[in-house]
Amino acid sequence: DTGVSQDPRHKITKRGQNVTFRCDPISEHNRLYWYRQTLGQGPEFLTYFQNEAQLEKSRLLSDRFSAERPKGSFSTLEIQRTEQGDSAMYLCASSHGQGRVGLDSPLHFGNGTRLTVT
Amino acid sequence: AQTVTQSQPEMSVQEAETVTLSCTYDTSESDYYLFWYKQPPSRQMILVIRQEAYKQQNATENRFSVNFQKAAKSFSLKISDSQLGDAAMYFCAFTSGTYKYIFGTGTRLKVLA
Numbered sequence: 001d002t003g004v005s006q007d008p009r010h011k012i013t014k015r016g017q018n019v020t021f022r023c024d025p026i027s028e029h030n031r032l033y034w035y036r037q038t039l040g041q042g043p044e045f046l047t048y049f050q051n052e053a054q055l056e057k058s059r060l061l062s063d064r065f066s067a068e069r070p071k072g073s074f075s076t077l078e079i080q081r082t083e084q085g086d087s088a089m090y091l092c093a094s095s096h097g098q099g100r101v102g103l104d105s106p107l108h109f110g111n112g113t114r115l116t117v118t
Numbered sequence: 119a120q121t122v123t124q125s126q127p128e129m130s131v132q133e134a135e136t137v138t139l140s141c142t143y144d145t146s147e148s149d150y151y152l153f154w155y156k157q158p159p160s161r162q163m164i165l166v167i168r169q170e171a172y173k174q175q176n177a178t179e180n181r182f183s184v185n186f187q188k189a190a191k192s193f194s195l196k197i198s199d200s201q202l203g204d205a206a207m208y209f210c211a212f213t214s215g216t217y218k219y220i221f222g223t224g225t226r227l228k229v230l231a
């Protein structure tokens, strides 16, 4: 068990460029979450996958954001036409469970991808 | 709307002393789950303690315990015998059992030697 892995750790991009982040959850975890964290704030929910199905998306996720989890394994989060307001830490978390969220295994977080849009 | 509020942006505690971090939440649900997560500087967020709302008994994990007051919608974290390694951001979190975990804004805990 190597934990949740996120790549890259840091990304600096110019406004208007597209960026893609990758998350590799713990292998047996069927639930995967993306969160965004800005300085001085707690993580804000972006989206949730159960296996390969994206079951919930936050209203924070504009049409410039898209996430996938093909085959229920790793996940990617793409931001198109980045804006300075997209600068944040993007956190991925995973857990294993079949019933109600909260009863399952604890959320395991990755180290995050820090995005800076200049 | 479900919300989580942490009113203490920063707390300090002397090593070996006890500190309590506050958290309040708002929900119309009767069954839900509450958590405290710890985020050390430049490190991964990890679970400290979990409480199921249907359980009256307060959860404890070694030096960490909670004071869960369901009627008051309060969920505080007590850290006993504070250690230097306890220094971190602490986030209170809530889920009603659907997909979303809602986090508070965090409390930065400083431990003084």
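Heads up: the sequence lines are chains A and B, in that order.
In this text, residue positions in the first sequence follow the numbering used here: the first is 1, and each later residue adds one.
In this text, residue positions in the second sequence follow the numbering used here: the first is 119, and each later residue adds one.
Even glycine gets a Cβ: it sits at the ideal position worked out from N, Cα and C.
Taking one beta carbon from each stretch, the segment 123-135 of chain B and the segment 146-159 of chain B have fewer than 3 pairs nearer than 8 Å; the two do not touch. Look at the segment 178-215 of chain B and you find no whole run of alpha helix (DSSP H) that is 4 residues long or longer. Contacts between B:Gly222 and chain A, judged by CB atoms closer than 9 Å, involve Gly42 in chain order. In terms of Cβ geometry, A:Leu46 and A:Arg36 form a close pair [threshold 8 Å].
Scanning B:Asn180, B:Ile167 and B:Lys173 for the CA closest to the CA of B:Gln201 turns up B:Asn180.
For A:Asn111, the nearest CB of chain B lies under 8 Å from its own CB, placing it at the interface with that chain. Around the C-beta of B:Leu139, 16 or more other C-beta atoms lie within 10 Å, and the residue is accordingly described as buried. Between B:Tyr172 and the set B:Met163, B:Tyr150, B:Gln162 and B:Phe182, the nearest pair of CA atoms involves B:Tyr150. Contact note: A:Leu32 does not reach chain B at a C-beta cutoff of 8 Å; the least C-beta distance is about 11 Å.
Contiguous beta strand (DSSP E) elements confined to the segment 32-86 of chain A occur at 44-50, 53-57, 65-68 and 75-79, taking only those with 3 or more residues. The alpha carbon of A:Asn111 has as its nearest neighbour, out of B:Ala134, B:Gln162 and B:Lys188, the alpha carbon of B:Gln162.
A:Ile12: member of the beta strand (DSSP E) spanning His10 to Thr13, first to last residue. Listed in chain order, the non-local C-beta contacts of A:Met89 below 8 Å within the same chain comprise Arg36, Gln37, Thr38, Gly112, Thr113, Arg114 and Leu115, local neighbours out to five positions each way being set aside.
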